[in-house]
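When we follow the numbering used here, the leftmost residue of the sequence shown carries the number 426, and every step to the right adds one. The beta carbon of each residue, even a glycine, is placed where N, CA and C say it ideally should be. A quick write-up on the structure given underneath.
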Amino acid sequence: MKKIRTIIIFIVGILFSIIAFSFIRSLGSTYIESSSTSYEINGMKGGNNTQKFNNTIQKFLNKHNISAIKVFNVVEGGASTDIVTKMHVYGKKIALPAKTQATATEFETSDLRYPIYFVGDIKKATIENMFKREGIRYSPIHENWNTDIVVFLTTNNVIYILLLILLVLFIVLVLTNLYAMKEINIKALLGMSNFEDAAISFGKDQLVFTAAFGIGLILVALYMKMQSYLYAYKIMLYFSLFLYLVATLVMIVGAVIRGLIHSRYTIIGAIKGDKKSKFSFYLNLFIKVLIEVFICISLFSLLNTQKSEKALSDQLNVWMNHKTFYTVSENAVMTKGSETSYLNRQSMKLFHYLDQKGGMLVDYQGWDSPQDVGDLNNGNVMIVNAQYLKENKVVGQNGNRIILPKNSPVTYVLIPQQYYSQRADLIKSYRRSLALDDTEKQLGRKLETKAISIKNNQKLFTYSTYALSLGNYSGTVKNAVLVVISNNSLGGLNSKLDSNMNWDSYMSNSAFLSPTLSAVKTGIQKTNIKKYIGSILNTKSYAAKQLESIRTGMLLFLVVTLVAFAIALVENVAFNSVYFNNNSKKLAIQRIFGGSASLRFGKFIRMIFVLSLIEALIVFMFTGSISISLGLIIVSNIVEWILLAVQGMYLDRHTWDYLKGE
C-alpha cells in the first residue's frame, strides 16, 4: 500500500504540472503579463495619427535603449476569415514567439489604440511624462490574475478534472492510513506521538509531490523558453503555487486524519488484528456522501451540456439548409467624435456595396423579449433588406410568398396578423426609432412606410453568430415583425441624415451578411475600415466550432462522471467492508441462529436510505433538479442492496472464521 500511495501522489504531481501547462497554452503565445509600465493607448490629441505615434514611441525607446511590445489584432488575408493576434517590437529588438511577429504592412495599417508593454529599466513617471508631452491618451493596465485563473478553470471545465484528482488523492491518503493502523499503533507503543507520526507521513507525501510537480514545472519552463513565452513566467508560478497549496491542503487534512484515527485505546486491538473502528466507519461515510454528491452535480452539468449540444445540432442542421454567409463585426476599439461619424458613414457604404453583391442585412436583438413587438431595437422585431426575403420564405396573409423590390424608396413593415390591428402604433414607433420623420424635414420630402399583413407564427432564421456567442442556440425566432429597409428608403447615401445614424451599430451586431468572402474583404478595402474590423466569420463554420466546443465539454464531463462512478463503487465496497468488520461477530451469530438478511442488515439499509435522502437534499440545493435528486435516492439504494447481497454471501461463507475472530 505504501508503494501505491507513493505512485498515486507522484502521478498527482505530474497531472498538476500538465494542468499548469494547459493554463499557459490557454493564455496564448501573445500573452504578456501586465506591470507598472503596461498601458492601454486610448488615442491622441488632435486626431489618431498612427504614423506620428509610432515615430514618437520609436524615438523615445531608442533614446532610453529599451523595448516596447504592441499587441494587436489582424484580419488574415486570402481565403481565411481568422482574426489573429500579432505583436510588434519597438526599440531594442527582443525575441517573440513563433508566428506572432506582425509584418510591416500589418503593423503600419493597425490602429494605435491597443495595449503596449514597455520592457527594460525605465521609470513609470518617465513614460507617462512622455505620453502627456506628446498628447497621447492612455490608461494603465491592471490585470487580475485570479480572474484569469477562474476563467481557465470554468471555461475549459478543468475544475472538474482538478476536483476529481483531489478526490482520488484524498481517498488514497485516508484508505492507506487506515490500512496502516497496525504499524501506526506499534509506533505509538514505542513512544512516537500522534503529531510526530502525522508530520513524518505528511513530510514524505510532500517530498514525493514536490519532486513530481517540480520536474513537471521545469519541463513547462523549458517549453516556454523554447517557444519564447518570455512574459508569462510570473503568472505561471502564481497558478502553480495555487495548485501546490490546494494539494498541500488535502495532504494536511490526510495527516490530521492519520493523527486522529488512533489513540492509546486502539493499540492493543490493532496489534491483535482487530479491525473495528468507528472513526473509519464515519470517515468512509463522509467520503461516500462527498463522491455521490459530486457525481450528481457532474451528471447535472453533463445533461445541461447535452441539451446545449442538441439545441446547437438542431440549429446547425437549419444553417446547412441555407447558403453560406460571411458576417463582419467591429473590434473593441472605442471611437469618439469625428471618428465615430466616419465609421458610421463607411459602414453605410459597406452595406451599400454588399447589398449590390447579393448581401443581406439581418439585425435581431430581441432574444430576451419574444413578446414585445413595439421595440424596434430590442423587441421581437427583425430589421432586414429585400434580399432577406429572397433567401428566406415569408408568406403573406393570402398565402403567397412576399418578394419586395431591391433598394425600394419605401420602408415595408411585415406584421403578423395578430398584431396587424396595432399597425398604426407600431409604424409610428418604428419611424421614430429610424428617425424617418426627422429625416423628412431634412430632405423636404416624404419617406413612405407601408404595412403588409403576414401569417402568424412564421419561423424566421436570424443568421446570428452574435446570439450563438451568448448561448442563444435557437437560430430562429417566431412571430416576429420584419422591417424591410434600404439605403434608398432611409433617404439615400447621405450620412448626415438622422435615419443613417445606425449603420455602425448594425455592423457591430454582425448584421451585415455576404454570400462571398471576397465581397466582404473588397468592401472593407474600398471603405478603408480595415483597422476597425474585429472579426469576419463564416456563419456555418462558426456554428460548427461552437458545436465542437460543446461536444468536447460533454466528452470531458462524461469521462469525469464515469471515473467518479467507478470511484463511488469502490468506496461503497470499502464502506460496506468497514461495516462488516465492525459488526462481524454480531452478524455471524445472527446468521447461525437463522436471521434473515433483512434482520441482519435492516438497520444498515435504513441508515443508507436516510443518508440518500440527505444526499438528495444537498444535490437539489446545488442543482435544483428533482429528477436527479430522485434518481440518486433510487440508484444509490439499489446499488447498495446489490453490494450487500454479494458481500453478505462472502460473509456467510466465512461465518465460523468471524466467530473465531479471524
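Contact belief for residue i with residue j at Cβ below 8 Å, rounded distance in angstroms
i: Thr-534; j: Lys-956; result: 6 Å
i: Ser-463; j: Ile-574; result: Incorrect: roughly 19 Å between the Cβ atoms, too far for contact.
i: Ala-905; j: Leu-885; result: 6 Å
i: Asn-997; j: Val-1064; result: 7 Å
i: Val-985; j: Tyr-585; result: 5 Å
i: Thr-601; j: Asp-536; result: At roughly 59 Å, the Cβ-Cβ gap does not stay under 8 Å, so Thr-601 and Asp-536 are not in contact.
i: Asp-923; j: Asp-863; result: 4 Å
i: Asn-810; j: Ser-794; result: In fact, because the Cβ distance is near 23 Å, the residues do not count as touching under 8 Å.
i: Phe-1000; j: Gln-1072; result: Not really, about 10 Å apart at Cβ, beyond 8 Å.
i: Asp-582; j: Leu-981; result: The amino acid occupying residue 582 in the given sequence is Asn; Asp does not appear at that position. Contact flag correct, Cβ pair sits at about 5 Å.
i: Gly-821; j: Ser-878; result: 7 Å
i: Gln-883; j: Val-819; result: 6 Å
i: Phe-577; j: Gly-679; result: Actually they are not in contact, since the Cβ atoms of Phe-577 and Gly-679 sit about 27 Å apart, beyond 8 Å.
i: Asn-803; j: Asn-913; result: Not quite, the Cβ-Cβ distance comes to about 26 Å (not below 8 Å), so this is no contact.
Per-residue burial, residue i [other beta carbons within 10 Å of its own, 16 or more giving buried]
i: Gly-1086; result: Legend: pLDDT at Gly-1086 = 47, less than 50; position of this residue unreliable, value from coordinates given subsequently. Exposed.
i: Ile-466; result: buried
i: Ile-432; result: exposed
i: Tyr-1083; result: Note that Tyr-1083 has pLDDT 48, beneath the 50 cutoff, so the model's placement of it is unreliable and the number below is only indicative. That one is buried.
i: Pro-461; result: Looking at the sequence itself, residue 461 is Ser, so the reference to Pro does not match. Exposed: under 16 other Cβ atoms inside 10 Å.
i: Tyr-648; result: exposed
i: Asp-546; result: exposed
i: Gly-468; result: buried
i: Val-909; result: buried
i: Thr-836; result: buried
i: Lys-557; result: exposed
i: Asp-630; result: buried
i: Phe-711; result: exposed
i: Trp-1081; result: Note that Trp-1081 has pLDDT 49, beneath the 50 cutoff, so the model's placement of it is unreliable and no number is given.
i: Phe-543; result: buried
i: Arg-430; result: buried
i: Ala-621; result: Note on residue identity: the sequence assigns Glu, not Ala, to residue 621. With fewer than 16 Cβ atoms within 10 Å of its Cβ, Glu-621 is classed as exposed.
i: Pro-841; result: buried
i: Thr-455; result: buried
i: Ser-705; result: buried
i: Gln-812; result: buried
i: Lys-511; result: buried
i: Glu-717; result: buried
i: Phe-1047; result: exposed
i: Val-1035; result: exposed
i: Ala-636; result: exposed
i: Leu-389; result: The question about residue 389 has no answer here: the residues shown for the chain are numbered 426 through 1087.
i: Leu-615; result: exposed
i: Ala-529; result: exposed
i: Thr-572; result: exposed
Cross-strand partners of residue i (DSSP beta bridge)
i: Arg-562; result: Gly-468
i: Phe-886; result: Thr-901
i: Gly-878; result: According to the sequence as given, residue 878 is Ser; it is not Gly. According to DSSP, Ser-878 bridges with Ile-840.
i: Pro-540; result: Glu-465
i: Tyr-515; result: Ala-493
i: Ser-754; result: Ser-960
i: Val-1060; result: Paired residue(s): none; Val-1060 is not in a bridge.
i: Met-785; result: Leu-938
i: Gln-526; result: Met-512
i: Val-909; result: Val-809, Tyr-837
i: Gly-821; result: Ile-879
i: Arg-826; result: Val-820
Unbroken alpha helix (DSSP H) runs of length 4 or more, entirely within the stretch 475-500: which are they?
475-489
Secondary structure, beta strand (DSSP E): runs of 3+ residues fully inside the stretch 928-958:
937-939
What alpha helix (DSSP H) runs, 4 residues minimum, are completely inside the stretch 961-1011?
964-1007
Inspect the CB distances between the stretch 483-500 and the stretch 512-523 and report whether three or more fall short of 8 Å.
yes
Mind pulling the alpha helix (DSSP H) runs of 4 or more residues that sit fully within the stretch 567-603?
570-580
Any chance the stretch 791-801 sits against the stretch 956-976, with 3 or more Cβ pairs inside 8 Å?
When Cβ pairs closer than 8 Å are counted between the two stretches, the stretch 791-801 is seen not to touch the stretch 956-976, the count staying below three.
Any contact of the stretch 978-993 with the stretch 778-798, i.e. 3+ C-beta pairs under 8 Å?
no
Three or more C-beta pairs under 8 Å: does that hold for the stretch 441-449 against the stretch 634-652?
yes
Contact the stretch 769-777 vs the stretch 869-876: 3+ CB pairs below 8 Å
The stretch 769-777, when compared against the stretch 869-876, does not touch it at the 8 Å Cβ threshold.
Taking contact to mean at least 3 C-beta pairs separated by less than 8 Å, is the stretch 710-726 in contact with the stretch 1053-1068?
Yes, they touch.
Counting Cβ pairs closer than 8 Å, one from the stretch 746-755 and one from the stretch 958-976, do we hit at least three?
yes
For the pair the stretch 842-851 and the stretch 934-944, tell me if three or more CB-CB distances fall below 8 Å.
Three or more beta-carbon pairs separated by less than 8 Å are not found between the stretch 842-851 and the stretch 934-944, which leaves the two stretches without contact.
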